[in-house]
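Participant: One structure follows; several queries about it will come next.
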Amino acid sequence: EDQVTQSPEALRLQEGESSSLNCSYTVSGLRGLFWYRQDPGKGPEFLFTLYSAGEEKEKERLKATLTKKESFLHITAPKPEDSATYLCAVPMDMGRRALTFGSGTRLQVQP
Amino acid sequence: DVKVTQSSRYLVKRTGEKVFLECVQDMDHENMFWYRQDPGLGLRLIYFSYDVKMKEKGDIPEGYSVSREKKERFSLILESASTNQTSMYLCASSFQQGSNQPQHFGDGTRLSIL
């Protein structure tokens, strides 16, 4: 069974304090890994797709990387507006076309 | 930009009522999905559809049904609402081409069953 585990559950940073969020997965044949950001009371907002080990994607202060077993979301010099829950997800088996989500990391950046 | 619109942000219904949640997307996506999100349980797939009038059960379909009469619209139906269906409901859509396409989500409907 496909599994996605995110750590830590919650992370509190000071503004400017860089850190990384982890997403480890066990799937039979990775067909992509997705990162989302979710603000309270809103739906997840798509950030990145990574398809193969060694791939990296960047957007402002965020950089996502992928290995064969896990993905990292690096946050460089975060700002309070980066506070949100970050979710990673992998596709379920081909026939279902849906995603299996991790439980998320709740990030709080204090000024 | 992709827009997925859910008809209600907040909804309060009574036990036993038939409840309809509506979702519309404007990107001509073939795939549409309904998830529910609960604290500690994350997002769980209820139903999905890959074409008009086609539907597939997800992980937790019991107590729910869906309808897809038009490509852009996907409805979730709670046949007889129960208190354990109080949750945040999220609709998503994606392109058909394989399972590795990103899904785009609406802002959710927070449903309370009293």
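Chains A and B, in that order, are what the protein sequence lines are. At position 80 of the first sequence (counting the first as 1) the number is 754 in this note's numbering, and the numbers step up by one without a gap. At position 102 of the second sequence (counting the first as 1) the number is 104 in this note's numbering, and the numbers step up by one without a gap. We put the CB at the ideal spot given by N, CA and C, even for glycine. Owing to the predicted nature of the structure, the values given are computational and were not obtained by experimental measurement.
#1: From which residue to which residue does the beta strand (DSSP E) around Glu719 (chain A) run?
#2: Ignore the nearest five residues each way along the sequence and tell me which others in Gln712 (chain A)'s own chain have a CB closer than 8 Å to its CB.
#3: Examine chain A for any beta-carbon lying closer than 8 Å to the beta-carbon of Pro63 (chain B), and answer yes or no.
#4: Return the chain-ordered list of same chain residues with a C-beta closer than 7 Å to the C-beta of Asp756 (chain A), the five sequence neighbours on each side being excluded.
#5: In chain order, what residues of the same chain have a beta carbon less than 8 Å from the beta carbon of Glu58 (chain B), not counting five sequence neighbours either side?
#6: Give every residue of the same chain whose Cβ lies closer than 8 Å to the Cβ of Lys733 (chain A), excluding the five residues on either side of it in the sequence, and list them in chain order.
#7: For Gly18 (chain B), which residues in chain D fall below 9 Å Cβ to Cβ?
#8: Just to check my reading of the structure: Ala727 (chain A) and Gly60 (chain B) have Cβ atoms closer than 8 Å, yes? What is that Cβ distance to the nearest angstrom?
#9: Since Phe35 (chain B) meets chain A, which of its residues come closer than 7 Å, beta carbon to beta carbon?
#10: Thinking just about the alpha-carbon of each residue, which of B:His106, B:Leu113, B:Glu74 is nearest to the one in Tyr91 (chain B)?
#11: Listed in chain order, which residues of the region 722 to 733 of chain A have Cβ atoms closer than 8 Å to some Cβ of chain B?
#12: I'd like to know if Leu13 (chain B) contacts chain A, where contact means its C-beta is closer than 8 Å to some C-beta of that chain.
#13: Check Glu730 (chain A) in the structure and name its three-state DSSP category.
#14: Should the region 21 to 33 of chain B be regarded as contacting the region 5 to 13 of chain B, the criterion being three or more beta carbon pairs within less than 8 Å?
Facilitator: Short version:
#1: Counting from one through the first sequence, the residue named residue 719 (chain A) turns up at place 45. 719 to 724 is the extent of the beta strand (DSSP E) around Glu719 (chain A).
#2: Residue mapping note: residue 712 (chain A) aligns to position 38 of the first sequence, counting from 1. Only Pro718, Glu719, Ala758, Thr759, Tyr760, Leu761, Gly778 meet the Cβ criterion.
#3: Stepping through the second sequence from its first residue, residue 63 (chain B) is reached at position 61. Using a Cβ-Cβ cut-off of 8 Å, Pro63 (chain B) does not count as an interface residue toward chain A, since no Cβ of chain A sits closer than that to its own.
#4: Here residue 756 (chain A) corresponds to residue number 82 of the first sequence, with the count starting at 1. Only residues of its own chain outside the window of five on either side were considered, and among them Arg735, Ile749, Leu781, Val783 have a CB closer than 7 Å to the CB of Asp756 (chain A), listed in chain order.
#5: Taking the first residue of the second sequence as position 1, residue 58 (chain B) is located at position 56. Answer for Glu58 (chain B): Tyr49, Phe50, Ser51, Tyr52, listed in chain order.
#6: On the first sequence, residue 733 (chain A) is found 59 positions in, with the first residue counted as 1. Excluding residues within five positions, the ones whose Cβ falls inside 8 Å are Leu721, Phe722.
#7: Looking at the structure shown, chain D is missing, and the protein chains on hand are A and B.
#8: Along the first sequence, read from residue 1 onward, the residue named residue 727 (chain A) stands at position 53. Along the second sequence, read from residue 1 onward, the residue named residue 60 (chain B) stands at position 58. Contact between Ala727 (chain A) and Gly60 (chain B) fails: their C-beta atoms lie close to 29 Å from each other, not under 8 Å.
#9: The residue you call residue 35 (chain B) lines up with position 33 of the second sequence. The contacting residues are Ala772.
#10: The sequence position of residue 91 (chain B) within the second sequence is 89, counting from 1. Looking at the Cα atoms, B:Leu113 is the closest of the given residues.
#11: Within the region 722 to 733 of chain A, the residues whose Cβ lies closer than 8 Å to some Cβ of chain B are Thr723, Tyr725, listed in chain order.
#12: Residue mapping note: residue 13 (chain B) aligns to position 11 of the second sequence, counting from 1. Not closer than 8 Å to any Cβ of chain A, the Cβ of Leu13 (chain B) fails to qualify, so no.
#13: Along the first sequence, read from residue 1 onward, the residue named residue 730 (chain A) stands at position 56. Shown here, Glu730 (chain A) sits in a strand according to DSSP, grouped into three states.
#14: A contact between stretches requires three or more CB pairs, one per stretch, nearer than 8 Å, and the region 21 to 33 of chain B meets this requirement with the region 5 to 13 of chain B.
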